[in-house]
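**Q** Take this structure, written in structure tokens, and hold onto it; I'll ask about it next.
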Amino acid sequence: MGEDVETLKRRLPLLDYLRQHNWTARPVGRSEFVGLCPLHEETRPSFYVNTRKDVFYCHGCGQGGDLIRFVQLSHHLSFRQSLTFLDPQTAPAVDASAVLDRAVAFYQQQLDNYPEALSYLNQRGVHYPALIRELEIGYAPGGSLRRHLTAQGYPFDLLRQVGLLNAQGSDAFYQRIVFPLREGKHIVNLYGRSIGNAFAHRFLPGAKGGLYAWEKVRHCPEVIVVEGLFDYAVLRQAGFDNVTCSLGTHLNLDQFLQLCEGQRTVYLTFDVDDNQSGQQAAEQLAHRLDAKSIATRRVLLPQGHDPNSFFVQGGDARQFKYLVEAAHP
Ligand SMILES: [Zn+2]
């Protein structure tokens with residue numbers, strides 16, 4: 001938690017934000033500034049900003065905190081609303097979103113041309129063409145995206161900046177099954193699963209966004225959370241529509257807050273691996289959700305399984321439903 005908040009604060013130091021909003025101050029000491037408090041009426045400056053700690057404190061009204069806290073107080077917003085308020089300054093540019101659309105369309109076209117990609121999907125239990133289309137699953141063979149996109153007029157620098165090309169100018173995704181990660185209409189990132197020997201999971205640089213396909217389930221009274229997109233895909237295929245995916249066991253702040261909005265029961269269905277990392281993450285997350293009065297259940301798969309392997313190795317919807325019903329807080 002807090003990773004994205006830290007990124008945001010690094011990009012926008014409190015002093016820069018205040019100055020953009022016409023706060024005038026004079027330096028006091030090496031890393032402090034003082035000026036009139038923007039939060040209460042005063043004639044003598046008592047509002048201090050510490051640039052080393054990136055925080056403020058007002059001796060007049062007693063308020064203090066970081067950038068997010070300042071935005072909450074000055075605009076009367078909740079914590080989450082403040083993040084949204086500050087977000088346009090960190091959101092990807094319009095042309096970045098357009099180039100990702102093109103890349104995803106290209107990857108989708110490639111899927112049928114590479115038998116190794118289809119056989120990988122098959123091996124992970126993902127069969128239904130309608131679902132593959134709905135999730136916009138594609139294949140990055142590597143070595144052809146740069147040519148394709150530059151021929152369409154996208155500048156090399158933009159492709160580098162978005163992360164589709166690496167520092168050497170080659171395709172960043174090489175022999176990977178690709179899922180676009182959308183927030184509303186916009187693709188905010190891509191997930192690439194290696195079908196070869198390369199490191200299994202890759203994203204483009206930048207935030208991975210909120211919970212996967214959250215719009216589809218946000219009104220469900222019971223939501224199943226899995227950690228991988230192949231878990232997500234097999235559950236959808238098995239007829240479970242109330243599923244979302246956190247893309248790893250560590251939820252970012254947006255994802256955590258999404259689970260906290262409204263009343264629901266969250267079924268955490270993380271991997272049951274030998275080193276217990278999935279279950280430990282589920283337990284910690286359950287505690288944090290509990291503190292926000294969100295009910296949680298932990299779905300216990302057989303030892304060594306994740307939802308994907310459970311279905312691939314013969315588990316069916318009825319058996320999974322049984323596990324969900326047997327899940328305990
Ligand atoms: Zn004040």
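The sequence shown begins at 1 in my numbering and counts up by one.
Where is the CB? At the ideal position from N, CA and C, for every residue including glycine.
Just so it is clear, the structure is predicted and the values come from calculations on it, not from any experiment.
(1) List in chain order: all unbroken beta strand (DSSP E) runs of 3+ residues lying wholly within the segment 37-87.
(2) Let me check understanding here. Comparing Cα to Cα, which of His148, Gly60 and Tyr17 lies closest to Arg44?
(3) Among the residues of its own chain, which have a CB less than 8 Å from the CB of Gly143, if the five just before and after it don't count?
(4) Who are the near neighbours of Glu32 in its chain, counting only those whose CB is closer than 8 Å to its CB and skipping five residues on each side?
(5) Residues in the same chain with beta-carbon distance under 7 Å from Thr150, minus the five sequence neighbours each way, listed in chain order, please.
(6) Classify Lys321 as buried or exposed, calling it buried when 16 or more other Cβ atoms lie within 10 Å of its own Cβ.
(7) For Arg30, report the span of its alpha helix (DSSP H) as first-last.
(8) What does the Cβ neighbour count give for Tyr128, buried or exposed, with the cut at 16 atoms within 10 Å?
(9) Please classify Lys185: is it buried, with 16 or more other beta-carbons within 10 angstroms of its beta-carbon, or exposed?
(10) Assuming Gly125 and Asn308 form a contact by the criterion Cβ under 8 Å, report the distance between their Cβ atoms to the nearest whole angstrom.
(11) Could you tell me how far apart the beta carbons of Phe56 and Gly64 are, in whole angstroms, since I believe they sit closer than 8 Å?
(12) Start and end of the alpha helix (DSSP H) containing Glu325?
(13) With a floor of 3 residues, list each beta strand (DSSP E) that falls wholly inside the segment 126-157, ordered by position along the chain.
(14) Considering only residues of the segment 197-269, which uninterrupted alpha helix (DSSP H) runs meet the minimum length of 4 residues and lie entirely inside it, listed in chain order?
(15) Helix, strand or coil for Thr90 per DSSP?
**A** The short version:
(1) 47-50 and 55-58
(2) Here the closest residue by C-alpha is Gly60.
(3) Ser170, Asp171 and Tyr174
(4) Tyr48, Val49, Asn50 and Thr51
(5) Phe156
(6) exposed
(7) Unbroken run through Arg30: none, as it is neither H nor E.
(8) exposed
(9) exposed
(10) 6 Å
(11) 6 Å
(12) Ala317 to Glu325 is the extent of the alpha helix (DSSP H) around Glu325.
(13) 138-140
(14) 214-217, 229-237 and 253-260
(15) Any answer about Thr90 is weak, because its pLDDT of 49 lies below 50 and its placement is not dependable; what the coordinates show is given next. If DSSP states are grouped into helix, strand and coil, Thr90 belongs with coil.
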